[in-house]
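Under my numbering, the first residue of the sequence shown carries the number -3, and numbering increases by one thereafter. The C-beta atom is built at its ideal place from N, Cα and C for all residues, glycine as well. The next block holds one structure in the form of structure tokens; read it before the comments.
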Amino acid sequence: NSAQKSGWSVIELKNKSHLEVAHLMQESLFFINTNCFESFNTTVPEAMAAGCITFCYEAFGGQDFLINEENAFVFPNNYVYPLLSKVLNIVNDLESYMEKIGRIQDHGLHTARQFEKSRTITELKRFYQKFGIIS
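Encoded structure:
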């Protein structure tokens, strides 16, 4: 197929260190995350910060920050065929998607910049204060 002819490859992140994953993300155009069980999977904003176009399930926590075709390509949980179809369509016709890819990269970087330790702490405190767990 044309993806193989173009030198594209799929690299599984299993058994890779955080540093190895970071390097792979910096070298990659796409990041495909099929995890739909974690409430917040940090690899998605990490991939966005590295400039990857992210394909992922909405999961649970992702619904708070993922916007389909704005900062990622987002699919309902476990809808593997639409996800794969979109990946293959883009890989096989990359030239016609370049403008959209550039826009999604920009919005993904903007999204990733919102994930700062201080902001996360503030938001968690605000959330738990609603329940009277902390003051």
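State the DSSP-derived secondary structure class of residue i, mapped to helix, strand or coil.
i, result
"V70", "strand"
"Y124", "helix"
Where do the ends of the alpha helix (DSSP H) carrying residue i lie?
i, result
"Y77", "76 to 88"
Is it buried or exposed for residue i, if we count other Cβ within 10 angstroms and need 16 for buried?
i, result
"M94", "exposed"
"G128", "exposed"
"I130", "exposed"
"I100", "buried"
"N58", "The question names Asn, yet the displayed sequence has Gly at residue 58. By the neighbour-count rule (16 or more Cβ atoms within 10 Å), G58 is buried."
Excluding five sequence neighbours on each side, which residues of the same chain lie with their C-beta closer than 8 Å to the C-beta of residue i?
i, result
"N29", "N37, T39, V40, A43, T50, F51, C52, Y53"
"K96", "E65"
"L105", "M44, A45, G47"
"Y124", "I130"
"S103", "The question names Ser, yet the displayed sequence has His at residue 103. So the list reads I63, E66, N67, once near-sequence residues are dropped."
"K12", "L20"
"A18", "E42, A46"
"G76", "Strictly speaking, residue 76 in this sequence is Val, with Gly absent from that position. These residues qualify, in order along the chain: T30."
Could you name the residues of the same chain whose beta carbon sits closer than 7 Å to that of residue i, not counting the 5 residues immediately before and after it, in chain order?
i, result
"I7", "L20"
"T107", "P41, M44, F61, N67"
"L79", "F51, F71"
"K82", "F51, F69"
Leaving out five residues on either side along the sequence, give the residues of the same chain with a beta carbon under 6 Å from the beta carbon of residue i.
i, result
"H14", "none"
"N73", "C32, Y53"
"F27", "A43, C48, T50"
Minimum length 3: unbroken beta strand (DSSP E) runs contained in the segment 9 to 51 = Correct list: 26 to 29.
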